[in-house]
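Q:
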Amino acid sequence: MNRIFRSKTMCPIFSLASILMCLILSSCEEVIDADLSKAEPLIVIEGSISDQSEVHTVKVSKTIAFDQPTKFNGVPGAKVTVYSSNSQTYTFTSTGDGTYKSQRFRGTPGVSYILEVITGGKTYKASSLMPAAVKPDSINFKKLTFFGDSKLYPSIYYKDPPRIQNQYRYIVKINGVLKADQVSEDRFSDGNATSDLITFDGDGVVAGDKVDVEIQCIDRNVFKYYFAISQIGGNGGPPVAPSNPESNLDNGALGIFSANTRSAYTISLK
Amino acid sequence: MKYIIFLFLFILAATKGSLAQDSFTINGVVTDSLSGETLIGVTIKFSNKSQNGTSTNVYGFFSYKLDPGDYTMTVSYIGYRTFSRSITVDSDKRIDINLVPENSIAEVVVTSEKRNDNVVSAQMGIAKVNLSEIRNVPVIFGERDVLKTLQLLPGIKSAGEGNSGFYVRGGSADQNLILLDEAPVYNASHLLGFFSTFNSDAIKDVSVYKGGMPAQYGGRLSSVLDIRMNDGNKKEFTAEGGIGLISSRLKLEGPIVSDKSSFMISARRTYADAFLAFAKDESIRKNTLYFYDLNAKANYQIDKKNTIYLSGYFGRDELGLNETFGFDWGNATSTLRWNHLFSNRLFSNTSLIYSNYNYVIENFIEENNFKVSSSIRDLNLKQDFQLSLNNSHNVRFGLDLIDHTIAPGSITSNERSSVNEETIEKRNGNEASAYISDEWEINDKFNIVYGVRASSFFLRGPGTFNLYDSQGKITNSQIYSRGQLVKSYFRFEPRLSASYLLNGVSSLKVSFTRNSQNLHLMSNSTASSPTDLYILSSNNVKPEVADQVALGYFRNFNDDKYEFSAETYFKTMQNQIEYRSGTDLRGNRNVEADLLYGEGRAYGIELYIKKRFGKLNGWIGYTLSRTERRFDALEQGKWFFAKQDRTHDLSVVGIYKAGPRWTFSSTFVYNTGNAVTFPAGKYQINNQTYFYYSARNSDRMPDYHRLDLAATLEAKPGKKLQSSWSMGFYNVYNRKNAYAINFQDDPDDSSKTQAVKTTLFGIIPSITWNFKF
Numbered sequence: 001m002n003r004i005f006r007s008k009t010m011c012p013i014f015s016l017a018s019i020l021m022c023l024i025l026s027s028c029e030e031v032i033d034a035d036l037s038k039a040e041p042l043i044v045i046e047g048s049i050s051d052q053s054e055v056h057t058v059k060v061s062k063t064i065a066f067d068q069p070t071k072f073n074g075v076p077g078a079k080v081t082v083y084s085s086n087s088q089t090y091t092f093t094s095t096g097d098g099t100y101k102s103q104r105f106r107g108t109p110g111v112s113y114i115l116e117v118i119t120g121g122k123t124y125k126a127s128s129l130m131p132a133a134v135k136p137d138s139i140n141f142k143k144l145t146f147f148g149d150s151k152l153y154p155s156i157y158y159k160d161p162p163r164i165q166n167q168y169r170y171i172v173k174i175n176g177v178l179k180a181d182q183v184s185e186d187r188f189s190d191g192n193a194t195s196d197l198i199t200f201d202g203d204g205v206v207a208g209d210k211v212d213v214e215i216q217c218i219d220r221n222v223f224k225y226y227f228a229i230s231q232i233g234g235n236g237g238p239p240v241a242p243s244n245p246e247s248n249l250d251n252g253a254l255g256i257f258s259a260n261t262r263s264a265y266t267i268s269l270k
Numbered sequence: 001m002k003y004i005i006f007l008f009l010f011i012l013a014a015t016k017g018s019l020a021q022d023s024f025t026i027n028g029v030v031t032d033s034l035s036g037e038t039l040i041g042v043t044i045k046f047s048n049k050s051q052n053g054t055s056t057n058v059y060g061f062f063s064y065k066l067d068p069g070d071y072t073m074t075v076s077y078i079g080y081r082t083f084s085r086s087i088t089v090d091s092d093k094r095i096d097i098n099l100v101p102e103n104s105i106a107e108v109v110v111t112s113e114k115r116n117d118n119v120v121s122a123q124m125g126i127a128k129v130n131l132s133e134i135r136n137v138p139v140i141f142g143e144r145d146v147l148k149t150l151q152l153l154p155g156i157k158s159a160g161e162g163n164s165g166f167y168v169r170g171g172s173a174d175q176n177l178i179l180l181d182e183a184p185v186y187n188a189s190h191l192l193g194f195f196s197t198f199n200s201d202a203i204k205d206v207s208v209y210k211g212g213m214p215a216q217y218g219g220r221l222s223s224v225l226d227i228r229m230n231d232g233n234k235k236e237f238t239a240e241g242g243i244g245l246i247s248s249r250l251k252l253e254g255p256i257v258s259d260k261s262s263f264m265i266s267a268r269r270t271y272a273d274a275f276l277a278f279a280k281d282e283s284i285r286k287n288t289l290y291f292y293d294l295n296a297k298a299n300y301q302i303d304k305k306n307t308i309y310l311s312g313y314f315g316r317d318e319l320g321l322n323e324t325f326g327f328d329w330g331n332a333t334s335t336l337r338w339n340h341l342f343s344n345r346l347f348s349n350t351s352l353i354y355s356n357y358n359y360v361i362e363n364f365i366e367e368n369n370f371k372v373s374s375s376i377r378d379l380n381l382k383q384d385f386q387l388s389l390n391n392s393h394n395v396r397f398g399l400d401l402i403d404h405t406i407a408p409g410s411i412t413s414n415e416r417s418s419v420n421e422e423t424i425e426k427r428n429g430n431e432a433s434a435y436i437s438d439e440w441e442i443n444d445k446f447n448i449v450y451g452v453r454a455s456s457f458f459l460r461g462p463g464t465f466n467l468y469d470s471q472g473k474i475t476n477s478q479i480y481s482r483g484q485l486v487k488s489y490f491r492f493e494p495r496l497s498a499s500y501l502l503n504g505v506s507s508l509k510v511s512f513t514r515n516s517q518n519l520h521l522m523s524n525s526t527a528s529s530p531t532d533l534y535i536l537s538s539n540n541v542k543p544e545v546a547d548q549v550a551l552g553y554f555r556n557f558n559d560d561k562y563e564f565s566a567e568t569y570f571k572t573m574q575n576q577i578e579y580r581s582g583t584d585l586r587g588n589r590n591v592e593a594d595l596l597y598g599e600g601r602a603y604g605i606e607l608y609i610k611k612r613f614g615k616l617n618g619w620i621g622y623t624l625s626r627t628e629r630r631f632d633a634l635e636q637g638k639w640f641f642a643k644q645d646r647t648h649d650l651s652v653v654g655i656y657k658a659g660p661r662w663t664f665s666s667t668f669v670y671n672t673g674n675a676v677t678f679p680a681g682k683y684q685i686n687n688q689t690y691f692y693y694s695a696r697n698s699d700r701m702p703d704y705h706r707l708d709l710a711a712t713l714e715a716k717p718g719k720k721l722q723s724s725w726s727m728g729f730y731n732v733y734n735r736k737n738a739y740a741i742n743f744q745d746d747p748d749d750s751s752k753t754q755a756v757k758t759t760l761f762g763i764i765p766s767i768t769w770n771f772k773f
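In order, the protein sequence lines correspond to chains A and B.
Reminder that position 33 of the first sequence reads as 33 in UniProt numbering, one-by-one numbering, no gaps.
Reminder that position 517 of the second sequence reads as 517 in UniProt numbering, one-by-one numbering, no gaps.
This is the structure:
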């Protein structure tokens, strides 16, 4: 998977170990031709409902072969509807390329949303419970030193609500370029004033950078989905044997449907 | 308990009954004439009209019953001059023997004595490497390594490039019982698997059972690796050691009381971090990265009937990053043993064993500081008896009691930290096993070892024990008090191994083995890790059970100069464990909720030919095999390859003594790549590329092959200080073997995705200076 995915690890043991190994053993990388098996295209659904008053989006697509140019392989003509536990029905309309948009509305924390997508004669369903919002107290930059190399990374400070299982997702862009998509949970810090450090490959944050941080509060299944993706990449231990992350969609669809709160901040390093 | 009483009655009756016979017992201990070390597995033959014999046990002891008469007693052991004498058997006798090492290399020893134990013995599925092979076989960084040398034998496969982990006959890494002086070693590797914890200086004997395990061993499905430490030189003080690129080592041994008591102490430390001290940057100098091993042993022979041994191992890895965090892990084991002769035919060993593995992770970053510690600890009492009943029966029986305590994780932090203190409940379990086996020479052609091991396991409180349904939901939760029984299991494990001699040089063998396992390693990862988590069998997790049938053909050629074997096996495994994708094992109090249970099967054929003597010796091992798993919850319940499945596996080892001073050696290995899962397609979510995986482990890593060379130059003989230089090249033709293949967006063109191969080791030279005085 892409290196953008990370989860909050209790400590960067394995990244350290791999750095040491690289130093000592001078491992090398090269691009090769891999002989990959081909599978029948599968339906992929990505949808989210946020607590912002906005147009919400559901995307329906199909997988493509590994050697094809990467693109969004949209599936038009699907019937997309979201039902809420407070008896609302939202109909999504196709924009023609596999993207489906709702009317402007605001999702409500504590409410379950059920996504229903009908395409190719099959019905796919997923449900997600929007958690309560947790707002950050502050965001600043923190210095990490790895083998004499000091870099700055965004650190998000917040007070975790006690006795509630909370999951967070952070999407960080630097100068408009996506750098990190990271999840975190309060398993070890329930109820505390705490911070999450967002690390990523490259030079960290340097003077003059514009940093966009999006903070989501996500439900447990959505967290597990992103955590599984980060595990395949080797975060939180040695890489695990890859498999498809457990999706909350049924009927064999790939992807994820998330009802989440969302807040966005822009900061810059002077 | 009934069973045990029956067992003792049987033994008693057998001892009584045999007293009436007109035969006598010859027993004794075989030692090395120079060091006084006892020798393991020495063949002892008594011949008059027919030829019968036995071999020494792991303490160098033998005992054999003979009818009165005149015999020629022949004692032979590879690397030693064969000893022969005539004896008259007219009473019980103790005959201790000193064997003289064959130290002149150029001399080709011609002996009329048959060295065909491998053909005659009923035991099959056993693999042995001797220490001179370990010394001479080329290894990465010149670090001699028992485990890496074993991986060159058929049926034993390396867990990965430069890795000391191994897989035996399709089993996983945690299904190997690794014993150091009888103490289980839970994490047998250093530095994330690149070095084994066994410092070969301290080792006397290494045996691996791939199948047909004798009944005295139990507790793991795949194999038993039995490593015995040196006792220490009883005759004189010696020191030996070596200085290498990665580590230095030193061993001291000598008598405490001459011929009665001796000690051995051996240490090794790596100094990869020594180079860090030269760094300009202070923050680099403050990093730590090293490991060390300490082996120590002492023995005291109280009298001819009683000997006491105390041995221990302590090893640790230390990683530290510039006051940001620290990580250290290691094993500690100790074994106290008492050898006692109840009679000249009944040998007893009592062992009290302690083993502990733990790791500690510390994060020093101010508001997130914490310390995690985790451990697994065993206390073990073993009682083994060996009784030579008469000429044709050699009986072993005993008891094995183990107390396991697992502390999965405990988190502590200071009051300013945002990390909460938390301790995951400890788990306590007891294993109690009894075994009996008989090695029976039915006639000149037919030998059989048959026995049974009865294993029981008891999971005990205190703690909260949940019961989970197949979806991982808690269906019942119950609190148990200290010592209260939560769940128990009983397994009956028959063991059988038999040989039929076709003629003087060839035999057919067959074996059946059942093993059970109550300690399970949770590992879904592609590499071994110091933080790997062990769990006990429980109300959710059933004991793993494996049944193995093996058939073999053994033949020696050219006066036993060459040995050949072909073994084929079929193994089934029940209650195998995997966990759901996305499971976080760290600090998880409900690990068992995320487990999936299935079955496994493995089969294959192993061919082995070895040249045992002469200037050029070595072996070729080839394995054709398959290992598969089936889980109801995975792959629609279809069979899929286990990750360690490799169709072909070939090793060629050659050692050439080019004269009194030079020894050259070379190994070549080739194997099919492991079974892996590569993407079958891709899709986009949030404008990022995601990969889609179809059938599990249906793809293959590229084939692996490598050639290594080494040379050893001994200093001119005759001086008090003996020294030698060992030089070597790992991966001589610089093959870029794939360690991992990752898939990612092409950094130059994000519309493309690419496969990136990581190679760990290209050609690596090494040099070590060894000394002894």
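Even for Gly, the Cβ is constructed at its ideal location relative to N, Cα and C.
For a cutoff of 8 Å on Cβ pairs, would you count B/V139 as touching chain A?
A: It does not; no Cβ of chain A falls within 8 Å.
Q: Use the C-beta contact count for B/V100: other C-beta atoms within 10 angstroms, 16 or more gives buried, fewer gives exposed.
A: It counts as exposed.
Q: Nearest to B/W338 by CA position, among B/Q383, B/N27, B/Y354 and B/G142, is which residue?
A: With distances taken between Cα atoms, B/W338 lies closest to B/Q383.
Q: Are A/S128 and A/N221 closer than 8 Å when you measure CB to CB?
A: Cβ atoms of A/S128 and A/N221: closer than 8 Å.
Q: Strictly under 8 Å for the Cβ-Cβ distance: is B/P408 near chain A by that measure?
A: No - not a single Cβ of chain A is within 8 Å of the one on B/P408.
Q: Compare the C-alpha of A/A126 against each of A/R169, A/E214 and A/V58 and name the closest.
A: For A/A126, the nearest C-alpha among the options comes from A/V58.
Q: Among B/T677, B/P184 and B/F640, whose alpha-carbon lies nearest the alpha-carbon of B/I353?
A: It is B/P184 whose Cα lies nearest to the Cα of B/I353.
Q: Candidates B/E362, B/Q301, B/H340 and B/I302: which alpha carbon is nearest B/G326's?
A: Looking at the Cα atoms, B/E362 is the closest of the given residues.
Q: Locate the alpha helix (DSSP H) running through residue 271 of chain A, then write down its first and last residues.
A: Nothing can be reported for residue 271 of chain A, as the shown portion of chain A is limited to 1 through 270.
Q: Roughly how many whole angstroms lie between the Cα atoms of B/E493 and B/I436?
A: Their backbone Cα atoms lie some 11 Å apart in a straight line.
Q: Just the C-alpha distance for B/V545 and B/R601, rounded to the nearest angstrom, thanks.
A: Whole-angstrom Cα-Cα distance: 11 Å.
Q: What does DSSP give as the partner residue(s) for B/S488 in the beta ladder?
A: BP columns for B/S488 point to B/F458.
Q: Is DSSP giving B/K297 helix, strand or coil here?
A: It is a strand residue.
Q: Cβ of A/A78 less than 8 Å from any chain B Cβ?
A: No - not a single Cβ of chain B is within 8 Å of the one on A/A78.
Q: Taking just the CA atoms, how far does B/I448 sit from B/A498?
A: Cα-Cα distance, rounded: 4 Å.
Q: B/V756 touches chain A at which residues, Cβ-Cβ below 8 Å?
A: Simply E29, E30, V31 and I32.
Q: Once DSSP output is grouped into helix, strand and coil, what is the label at B/A680?
A: Strand.
Q: Suppose contacts are defined by Cβ-Cβ distances below 8 Å. Is B/T667 in contact with B/V137 by that definition?
A: The answer is yes: Cβ separation under 8 Å.
Q: Between B/T335, B/T350 and B/I95, which lies nearest to B/M73 when the distance is taken from Cα to Cα?
A: For the residues B/T335, B/T350 and B/I95, the minimum Cα distance to B/M73 belongs to B/I95.
Q: With a Cβ-Cβ cutoff of 8 Å, do B/K393 and B/L536 count as a contact?
A: It is worth fixing the name first, because residue 393 of chain B is His in this sequence and not Lys. No.
Q: How long is the line joining the alpha carbons of B/M522 and B/E578, rounded to whole angstroms?
A: Spanning the two alpha carbons is a distance of roughly 8 Å.
Q: Within a Cβ cutoff of 6 Å, which residues of the same chain sit near B/I44, ignoring the five residues on either side of it in sequence?
A: For B/I44, where only same-chain residues beyond five positions count, the Cβ hits under 6 Å are G53, T54, F62 and V75.
Q: In angstroms, rounded to a whole number, what distance separates the CA positions of B/W698 and A/N166?
A: Correcting the residue type first, residue 698 of chain B is Ser in the shown sequence and not Trp. So the alpha carbons of these two residues sit roughly 37 Å apart.
Q: Which two residues bound the contiguous beta strand (DSSP E) that contains B/L389?
A: Its beta strand (DSSP E) spans residues F370 to N390.
Q: Could you tell me which chain B residues have their CB closer than 9 Å to the CB of A/L254, listed as they occur along the chain?
A: Those within 9 Å of A/L254 in chain B are Y683, I685, Y690 and Y692.
Q: Name the two residues that bound the continuous beta strand (DSSP E) containing B/R626.
A: Element bounds for B/R626: L616 to F631.
Q: With B/D70 as the anchor, note down where its beta strand (DSSP E) starts and where it stops.
A: Its beta strand (DSSP E) spans residues G69 to S76.
Q: Is it right to say B/G552 is buried, meaning 16 or more other beta carbons lie within 10 angstroms of its own, or is it exposed?
A: Classification for B/G552: buried.
Q: Which residue wins for smallest C-alpha separation from B/G330, given the options B/L341, B/N356, B/N344 and B/F347?
A: When only C-alpha atoms are compared, the closest one is B/N356.
Q: Along chain B, in chain order, which residues have C-beta atoms closer than 7 Å to that of A/T63?
A: Within 7 Å Cβ-Cβ: G681, K682, Y683 and Y692.
Q: What are the boundary residues of the beta strand (DSSP E) that B/E439 is part of?
A: Counting along the chain, the beta strand (DSSP E) containing B/E439 begins and ends at R427 to E441.
Q: For B/K561, does the three-state DSSP call read helix, strand or coil?
A: In this structure, B/K561 counts as coil in the three-state DSSP scheme.
Q: Can you find a C-beta in chain B that's less than 8 Å from the C-beta of A/F188?
A: Yes - at least one Cβ of chain B is within 8 Å of the one on A/F188.
Q: List the residues of chain B whose Cβ lies closer than 9 Å to the Cβ of A/F92, in chain order.
A: Neighbours of A/F92 on chain B: none; closest Cβ ~17 Å, over 9 Å.
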